[in-house]
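Numbering (the UniProt record's numbering), first residue to last: 1 to 222.
Note that the Cβ used here is the ideal one computed from N, Cα and C, for glycine as well.
Heads up: the structure comes next, in C-alpha cells.
Okay, here's the thing in C-alpha cells:
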C-alpha cells in the first residue's frame, strides 16, 4: 500500500491532525512570566529540546510545565537556551501561534546581556561580546523567519558591535554566504548609527570621491 503524500487528506488526518490534540503543556517565559499553552505532541514532534524535556525523566515530564529560565537539567549553557528559544519561535511561526515574537526576542536579548563574553570585564571589551553564545545555526534559523520578525532583528542586532569593530568579525563568512543575513545586519548597523546617543565617532574615506567624511547619518527630508 502506497504511503499518503504530505499534501493528501489521509496524511493530514493521520499524521498532522493528532498533533493538535491531546495533553497541553505550559511554557513560562521568564522573567516576564508570560505563559502560554501548546499541544505536547506538537511541541515534541517539532523540537528535540522540548522532546527531551517533556518525554524524558526530567521534572517537566511530570509537571507538564517548563520555565525557559530554569532548564538546567536539559539546557546547560546560554547557547542552548538560545537554541531552545529559536526552536520555540520557529514552531510558533510555522503554526501561527501568536503572542511570542516580541517576548522571545526580549528573552534572547536578556540572555545575551546576562551572559557576555567571559573577558567582557576587561578595559576593552572583546569584539564578540554580544555573539559569544550565538552560533551559525542560530543565524540560519533566524533568517528562515519572515523579514522584520523581532527575533530575526535581535540576532542581527547582536552582530552590529562585532561587525563595526573588527575585520575578523565572527560571522563574516555568513554575511557572504547568506545575503539575507547581510541585509539584516546592514539595516541594524544603520539603525544603530541613527539612534540619539550615537554621536559621530570618527571619519571615513568615501571609496568613490576619496573625500574624508564624518561618520554621521544624514536623515532624509520628510
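- Per the C-alpha coordinates, the member of 108, 174, 161, 51 positioned closest to residue 79 is 108.
- Assigned with DSSP and collapsed to three states, residue 36 falls in strand.
- Per DSSP, residue 66 is one residue of the beta strand (DSSP E) stretching across 65 to 67.
- In the assembly as shown, residue 159 is a buried residue. Its beta-carbon has 16 or more other beta-carbons within 10 Å.
- In the three-state reduction of the DSSP assignment, residue 134 falls in the coil class.
- Following the DSSP letters along the chain, one finds residue 174 inside the alpha helix (DSSP H) bounded by residues 172 to 177.
- The segment 109 to 124 and the segment 135 to 143 do not touch, with fewer than three beta-carbon pairs separated by less than 8 Å.
- Shown here, residue 98 sits in coil according to DSSP, grouped into three states, outside any helix or strand.
- Boundaries of the alpha helix (DSSP H) around residue 163: 160 to 165.
- For the pair residue 49 and residue 194, the Cα-to-Cα distance works out to about 38 Å.
- At least 8 Å separates the beta-carbon of residue 117 from that of residue 83.
- By a beta-carbon distance limit of 8 Å, residue 43 does not contact residue 100. Their separation comes to about 12 Å.
- In this structure residue 28 is in contact with residue 67, their Cβ atoms being roughly 5 Å apart against a cut-off of 8 Å.
- Distance from residue 181 to residue 131 at the Cβ level is roughly 12 Å; contact not present, criterion being Cβ atoms closer than 8 Å.
- Residue 167 counts as exposed, since fewer than 16 other beta carbons sit within 10 angstroms of its beta carbon.
- When 51, 59, 24, 154 are compared, the shortest CA-CA separation from residue 191 is found for 154.
- Taking C-beta atoms as the reference points, residue 151 and residue 89 count as a pair closer than 8 Å.
- Here residue 40 is buried: its Cβ has 16 or more other Cβ atoms, across all protein chains shown, within 10 Å.
- Following the DSSP letters along the chain, one finds residue 151 inside the alpha helix (DSSP H) bounded by residues 150 to 157.
- Judged by beta-carbon spacing, residue 47 lies within the 8 Å limit of residue 87, meaning their Cβ atoms are closer than that value.
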